[in-house]
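Undergrad: In full-length UniProt numbering, the protein residues as written are 1 to 173.
Note that the Cβ used here is the ideal one computed from N, Cα and C, for glycine as well.
I'd like to ask you about the structure that follows.
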């Protein structure tokens with residue numbers, strides 16, 4: 001559904017919402033959290049998804065990870081999946097960083113495979129096959145932190161680069 005709670009047409013990306021007898025009624029003793037996820041009988045999952053013409057639902061990304069850059073919604077998972085195809089890339093995480101003109105920009109934090117070398121220019125050239133608005137505007141090389149279940153810890157990356165002074169000071173090229 002869209003931001004106003006309207007059901008979207010097939011093929012259009014919106015927040016996945018579910019309704020039914022098996023859906024929770026509330027968070028225990030937490031009306032604020034309940035109000036954030038339950039709207040008019042719908043449970044908002046926090047997942048961005050779309051439905052195809054056959055009724056299959058495809059998850060695109062987490063709503064909290066979506067980057068809004070110059071009015072365009074960027075889905076980090078799409079950018080990450082593209083960059084992972086590069087031979088030297090072991091892992092990648094894409095996060096949004098504040099930008100004075102665009103609101104946010106996509107920053108790719110890339111972990112290189114042992115025994116490989118890679119430069120920002122090489123990644124930028126590799127990304128030329130992506131639509132321009134989806135290309136990361138900042139390339140950083142670092143270890144990708146993961147939690148014990150293997151999930152990328154994007155909040156840690158956002159905090160690290162905010163502390164290092166990147167957030168709020170970046171300009172785009």
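Below 6 Å CB to CB, which residues in the same chain sit around residue 169 once its five sequence neighbours on both sides are set aside?
TA: Bear in mind that the predicted position of residue 169 carries a pLDDT of just 44, short of 50, making it too unreliable to give a figure here.
Undergrad: Which value, in whole angstroms, describes the spacing of the CA atoms of residue 61 and residue 76?
TA: For residue 61 and residue 76, the distance between alpha carbons rounds to 7 Å.
Undergrad: Looking at the secondary structure, which residues open and close the beta strand (DSSP E) in which residue 139 lies?
TA: Secondary structure note for residue 139: its beta strand (DSSP E) is the uninterrupted segment 138-141.
Undergrad: Could you tell me how far apart the beta carbons of residue 144 and residue 108 are, in whole angstroms, since I believe they sit closer than 8 Å?
TA: That belief does not hold up - the Cβ atoms of residue 144 and residue 108 are roughly 11 Å apart, past 8 Å.
Undergrad: In three-state terms, what does DSSP make of residue 53?
TA: coil
Undergrad: Please report the Cβ distance between residue 17 and residue 44, rounded to the nearest whole angstrom; I am assuming they are in contact, meaning their Cβ atoms lie under 8 Å.
TA: 5 Å
Undergrad: Please report the distance separating the alpha-carbon of residue 70 from that of residue 37.
TA: 27 Å
Undergrad: Just to confirm the assignment: which complete beta strand (DSSP E) runs, minimum length 3, are found wholly within the UniProt domain "AMP-binding enzyme C-terminal" (78-151)?
TA: 89-99, 103-112 and 138-141
Undergrad: Only counting the same chain, and skipping five residues up and downstream in sequence, which positions put a Cβ closer than 6 Å to that of residue 171?
TA: Because residue 171 carries a pLDDT of 42, less than 50, the predicted location of this residue cannot be relied on, and the following value inherits that uncertainty. No residues qualify anywhere along the chain.
Undergrad: What's the gap between the Cα of residue 30 and the Cα of residue 101?
TA: Counting only the Cα atoms, residue 101 lies some 38 Å from residue 30.
Undergrad: Which complete alpha helix (DSSP H) runs does the region 7-44 hold, if anything under 4 residues is left out?
TA: 31-37
Undergrad: Are the beta-carbon atoms belonging to residue 136 and residue 123 less than 9 Å from one another?
TA: yes
Undergrad: Please report the distance separating the alpha-carbon of residue 42 from that of residue 80.
TA: 30 Å
Undergrad: Taking the continuous beta strand (DSSP E) assigned at residue 72, which residues delimit it?
TA: 72-74
Undergrad: Can you grab the Cα-Cα spacing for the pair residue 12 / residue 51, in whole Å?
TA: 7 Å
Undergrad: I need the DSSP call for residue 2, collapsed to helix, strand or coil.
TA: coil
Undergrad: Check this for me: beta carbons of residue 111 and residue 91, under 9 Å apart or not?
TA: yes
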